[in-house]
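In my numbering, the protein residues as written are 261 to 720. Built from N, CA and C at the ideal position, the CB exists for glycine as well. Structure, as structure tokens:
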Amino acid sequence: MNFDDADLELLTSRGLSILHLGVDDWENILDTRRGERGFSLIFPHHIARAGRKQSLVLIVVDSPLCSLRLGWIRSVQSVSTFDSRIAFDHVRPIKPGDLEALLAPLAATSLNSAATTLARSRDQLVRVSPKLSVRLIRDLASIPDNATAIQLVLGQLKRPTHFQDARASQQDAVELALKAFGLISGAKSVYLPKETALAGVRLLEDAVIEHDARAIEGWRLSESDVTGRAIFEKPGEQLEVITANKRPLETLLGIDLIYFNQLQKSLVMVQYKMMEPQPRGRHTEVRGKHSFEELDEKEWIVPIDDQFEAELKLMESYDRDLAPAGDYRLNSSAFFLKLVKRYASTSTSSVMLSLGHFNHLRESGVFKGPRDGFWLTYSGLRNQYLRTDAFVELVRSGYIGSRGATTDHLYALIDAAMDGGRGAVAAIQTSIKESGHDIVDDEQDPEKPLILRRRPHGRR
Numbered sequence: 261m262n263f264d265d266a267d268l269e270l271l272t273s274r275g276l277s278i279l280h281l282g283v284d285d286w287e288n289i290l291d292t293r294r295g296e297r298g299f300s301l302i303f304p305h306h307i308a309r310a311g312r313k314q315s316l317v318l319i320v321v322d323s324p325l326c327s328l329r330l331g332w333i334r335s336v337q338s339v340s341t342f343d344s345r346i347a348f349d350h351v352r353p354i355k356p357g358d359l360e361a362l363l364a365p366l367a368a369t370s371l372n373s374a375a376t377t378l379a380r381s382r383d384q385l386v387r388v389s390p391k392l393s394v395r396l397i398r399d400l401a402s403i404p405d406n407a408t409a410i411q412l413v414l415g416q417l418k419r420p421t422h423f424q425d426a427r428a429s430q431q432d433a434v435e436l437a438l439k440a441f442g443l444i445s446g447a448k449s450v451y452l453p454k455e456t457a458l459a460g461v462r463l464l465e466d467a468v469i470e471h472d473a474r475a476i477e478g479w480r481l482s483e484s485d486v487t488g489r490a491i492f493e494k495p496g497e498q499l500e501v502i503t504a505n506k507r508p509l510e511t512l513l514g515i516d517l518i519y520f521n522q523l524q525k526s527l528v529m530v531q532y533k534m535m536e537p538q539p540r541g542r543h544t545e546v547r548g549k550h551s552f553e554e555l556d557e558k559e560w561i562v563p564i565d566d567q568f569e570a571e572l573k574l575m576e577s578y579d580r581d582l583a584p585a586g587d588y589r590l591n592s593s594a595f596f597l598k599l600v601k602r603y604a605s606t607s608t609s610s611v612m613l614s615l616g617h618f619n620h621l622r623e624s625g626v627f628k629g630p631r632d633g634f635w636l637t638y639s640g641l642r643n644q645y646l647r648t649d650a651f652v653e654l655v656r657s658g659y660i661g662s663r664g665a666t667t668d669h670l671y672a673l674i675d676a677a678m679d680g681g682r683g684a685v686a687a688i689q690t691s692i693k694e695s696g697h698d699i700v701d702d703e704q705d706p707e708k709p710l711i712l713r714r715r716p717h718g719r720r
């Protein structure tokens with residue numbers, strides 16, 4: 261896998277540190293829950309300054325049996341008057357296997373002096389000089405066997421921190437799917453052909469990183485549309501997550517999360533909508549004999565424009581109870597809206613509405629806007645909406661979602677999202693013994709609407 265100039269610039273801009281560990285310390289780390297994949301250490305403040313948050317780190321273990329490792333510094337936090345804690349994450353073996361071999365090609369260059377000083381240093385944590393850091397990172401990225409380790413670090417560096425475009429929505433959709441599955445460990449395998457939020461997920465120690473399209477064999481999706489795939493497992497169950505889009509993430513109109521629980525024959529779709537901030541007006545406050553101007557509360561809106569209307573009609577055409585006599589549901593509708601505030605931190609809370617609740621508010625006149633238009637306002641919801649944690653519990657318990665859903669419905673919704681200029685995050689929960697990709701549904705009803713049974717063009 262070749263990394264482009266933008267990727268290399270991002271990597272080298274973060275800098276590089278060297279962490280030296282003794283054999284005893286390393287063996288103690290291997291005995292922890294996450295082992296070498298992620299751990300934290302305490303350093304005196306003056307040593308911790310050599311580590312920079314969200315920078316790369318080379319880990320050198322004082323043993324010829326331990327190869328060189330690459331990871332990144334997730335956080336640097338003061339924990340006492342004298343000490344700081346540094347968290348190291350996404351640590352993977354790399355080539356060459358030792359620091360001496362990595363520095364050897366620099367002997368005949370202008371960086372020889374800096375490389376020699378670095379090789380002789382026995383400080384526990386060392387900050388590499390900027391020029392030497394750039395050269396070492398580029399050399400590591402040029403070795404094909406290091407693609408996995410580099411990709412994991414890039415996935416973290418590219419992780420969005422604010423809702424600005426579909427990148428953050430895709431990231432949130434992946435995290436929402438993993439929460440609904442109840443995941444407590446990392447992915448066992450990932451396929452990362454293009455830019456995808458799946459590049460930032462945690463991996464199991466023996467996880468397989470695929471860059472070959474064979475990783476999606478069995479899927480009825482065009483290879484060119486799939487941007488990532490990951491497999492997660494917990495006892496008896498598996499979750500397969502696919503990200504797909506026809507256009508670059510920054511040009512997408514939004515993201516749809518489609519969660520299909522084959523065990524419960526339940527399907528839930530969450531469509532992400534960006535709430536736009538509005539200019540704050542002023543009003544006059546009168547208190548006793550005094551009056552003064554105050555700023556209005558900040559308002560956030562989602563315009564209900566032609567694009568939104570078309571998406572609502574599409575959802576309503578799919579929104580039917582396919583098996584009324586099936587398992588109990590508090591709400592058998594498949595469709596929900598997730599409203600996120602543009603420019604807000606990805607860690608802030610968001611608003612979730614069922615399609616039925618949205619239609620109820622609309623019919624009651626809550627969405628009236630200026631010039632006979634319509635818009636959904638944050639204040640108009642009056643705090644009556646579903647929070648993400650509550651939504652996750654309802655999905656996990658099977659209390660919400662369609663009844664009698666099949667893989668045909670899943671594929672139809674994926675296609676509808678991409679044909680409408682949106683990206684799709686598909687999550688498929690199955691039992692381990694039934695986790696084949698192309699599941700045949702023996703309950704397919706020929707009387708169901710054709711729109712739910714169509715085979716999109718270009719599928720294999």
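- Rounded to whole angstroms, how far is the Cβ of A409 from the Cβ of L330, which I believe are closer than 8 Å? Here residue 409 is taken as the residue at index 149 of the sequence shown, counted from 1. Here residue 330 is taken as the residue at index 70 of the sequence shown, counted from 1. Confirmed, about 5 Å.
- Task: Could you have a look at L426 and say whether DSSP puts it in helix, strand or coil?
- Result: Position 166 of the sequence shown holds residue 426. Note that residue 426 is Ala in the sequence shown here, rather than Leu. If DSSP states are grouped into helix, strand and coil, A426 belongs with the helices.
- Is there contact between the region 609 to 621 and the region 642 to 649, where contact requires at least three CB pairs shorter than 8 Å? yes
- Task: Report buried or exposed for Q337, applying the criterion of at least 16 other Cβ atoms within 10 angstroms of its Cβ.
- Result: Position 77 of the sequence shown, counting from 1, holds the residue named residue 337. By the neighbour-count rule (16 or more Cβ atoms within 10 Å), Q337 is not buried but exposed.
- Message: Taking the alpha-carbon of R682 as reference, which of L523, R427, F651 and L290 has the nearest alpha-carbon?
- Response: Position 422 of the sequence shown, counting from 1, holds the residue named residue 682. When L523, R427, F651 and L290 are compared, the shortest CA-CA separation from R682 is found for R427.
- At which residues does the alpha helix (DSSP H) containing Q314 begin and terminate? Counting from one through the sequence shown, the residue named residue 314 turns up at place 54. Neither: Q314 is in no alpha helix (DSSP H) and is coded neither H nor E.
- Message: Within 10 Å of its beta-carbon, does H306 have 16 or more other beta-carbons around it, so buried, or fewer, so exposed?
- Response: Here residue 306 is taken as the residue at index 46 of the sequence shown, counted from 1. It is exposed - the Cβ of H306 has fewer than 16 other Cβ atoms within 10 Å.
- Exposed or buried, what is D698 when buried is set at 16 or more other beta-carbons lying within 10 Å of its beta-carbon? Stepping through the sequence shown from its first residue, residue 698 is reached at position 438. Because D698 carries a pLDDT of 44, less than 50, the predicted location of this residue cannot be relied on, and no value is offered for it.
- Message: Among the candidates E559, M535 and L523, whose CA atom is the shortest distance from the CA of G664?
- Response: Taking the first residue of the sequence shown as 1, we reach residue 664 at position 404. Measuring from the Cα of G664, the nearest candidate turns out to be L523.
- Message: According to DSSP, M612 sits in a beta bridge with which residue or residues?
- Response: Locating residue 612 in the sequence shown gives position 352, counting from the first residue. Its beta-bridge partners are K598 and L646.
- Query: Going by alpha carbons, who is nearest to N406 out of A367, Q424, S526 and F263?
  - Reply: Sequence index remark: in the sequence shown, residue 406 carries index 146 (1-based). For N406, the nearest C-alpha among the options comes from F263.
- Where A266 falls, given that 16 or more other Cβ within 10 Å makes a residue buried: Translated into positions along the sequence shown, residue 266 becomes position 6. Exposed is the call here.
- Item | Distance between A361 and L513 (C-alpha atoms, nearest Å) | One-based indexing of the sequence shown puts residue 513 at position 253. One-based indexing of the sequence shown puts residue 361 at position 101. Distance between the alpha carbons of L513 and A361 is about 48 Å.
- Simplified DSSP assignment, three categories, for D579: Residue 579 sits at position 319 when you count from the first residue of the sequence shown. In this structure, D579 counts as coil in the three-state DSSP scheme.
- Task: Name, in chain order, the residues that DSSP records as bridge partners for I502.
- Result: If you number the sequence shown from 1, residue 502 lands on position 242. According to DSSP, I502 bridges with R489 and A686.
- Message: Within the continuous alpha helix (DSSP H) that includes P304, where are the two ends?
- Response: Position 44 of the sequence shown holds residue 304. From DSSP, P304 is part of no alpha helix (DSSP H) but of the beta strand (DSSP E) over G298 to P304.
- Query: Based on the DSSP output, what are the partners of A347 in its beta bridges?
  - Reply: Locating residue 347 in the sequence shown gives position 87, where the first residue counts as 1. DSSP lists S300 and S335 as the beta-bridge partner residues of A347.
- Query: If you draw a straight line from the C-alpha of F568 to the C-alpha of E623, how long is it?
  - Reply: As a working mapping, residue 568 is identified with position 308 in the sequence shown. As a working mapping, residue 623 is identified with position 363 in the sequence shown. Going from the Cα of F568 to the Cα of E623 covers about 16 Å.
- Message: Which of the three DSSP states is assigned to Q524 in this structure?
- Response: Along the sequence shown, one-based indexing puts residue 524 at 264. Q524: coil per DSSP, three-state reduction.
- Task: Pull up the distance between the alpha-carbon of M535 and that of L481, whole angstroms please.
- Result: Looking up residue 535 in the sequence shown gives position 275. Looking up residue 481 in the sequence shown gives position 221. Going by the C-alpha atoms only, they are around 31 Å apart.
- Where V486 and P563 are concerned, what is the direct C-alpha to C-alpha distance, given to the nearest angstrom? To locate residue 486, count along the sequence shown from 1; it is residue 226. To locate residue 563, count along the sequence shown from 1; it is residue 303. Answer to the nearest angstrom: the Cα atoms are 30 Å apart.
- Nearest-angstrom Cα separation, counted from D565 out to I403: By 1-based counting over the sequence shown, the position of residue 403 is 143. By 1-based counting over the sequence shown, the position of residue 565 is 305. Between I403 and D565, the C-alpha separation is close to 50 Å.
- Task: May I ask you to verify whether the region 316 to 336 touches the region 346 to 361, counting CB pairs closer than 8 Å and requiring at least 3?
- Result: yes
- Query: Between the Cα of G586 and the Cα atoms of L597, S526 and I692, which residue gives the shortest distance?
  - Reply: Working through the sequence shown from its first residue, we reach residue 586 at position 326. Residue S526 is the option with its Cα nearest to G586.
- Message: Let me make sure I understand the geometry here. Which of S639, P495 and Q531 has the alpha-carbon closest to that of A677?
- Response: Counting from one through the sequence shown, the residue named residue 677 turns up at place 417. It is Q531 whose Cα lies nearest to the Cα of A677.
- Inter-stretch contact (C-beta, 8 Å, three-pair minimum) for the region 651 to 665 and the region 574 to 588: yes
- Item | Pairwise C-alpha distance: R398 and K235 | Outside the shown range of the chain (261 to 720) lies residue 235, about which nothing can therefore be said.
- What residue range is occupied by the uninterrupted beta strand (DSSP E) comprising Y671? Position 411 of the sequence shown, counting from 1, holds the residue named residue 671. Judged by DSSP secondary structure, Y671 falls outside any beta strand (DSSP E) and instead within the alpha helix (DSSP H) spanning T667 to D679.
- Can you list the alpha helix (DSSP H) stretches of 4 or more residues lying completely in the region 339 to 423, in chain order? 359 to 363, 372 to 380, 390 to 401 and 407 to 417
- Report buried or exposed for V339, applying the criterion of at least 16 other Cβ atoms within 10 angstroms of its Cβ. Here the question's residue 339 lines up with position 79 in the sequence shown. The residue in question, V339, is exposed, as its Cβ has fewer than 16 Cβ neighbours within 10 Å.
- Message: Tell me the rounded alpha-carbon separation between S484 and V468.
- Response: Residue mapping note: residue 484 aligns to position 224 of the sequence shown, counting from 1. Residue mapping note: residue 468 aligns to position 208 of the sequence shown, counting from 1. Approximately 21 Å, taken between the alpha carbons.
- Message: Give me, in chain order, the residues of the same chain whose beta-carbon lies closer than 7 Å to that of L371; leave out the 5 immediate sequence neighbours on both sides.
- Response: Position 111 of the sequence shown, counted from the first residue, corresponds to residue 371. Correct list, in chain order: K391, L392 and R395.
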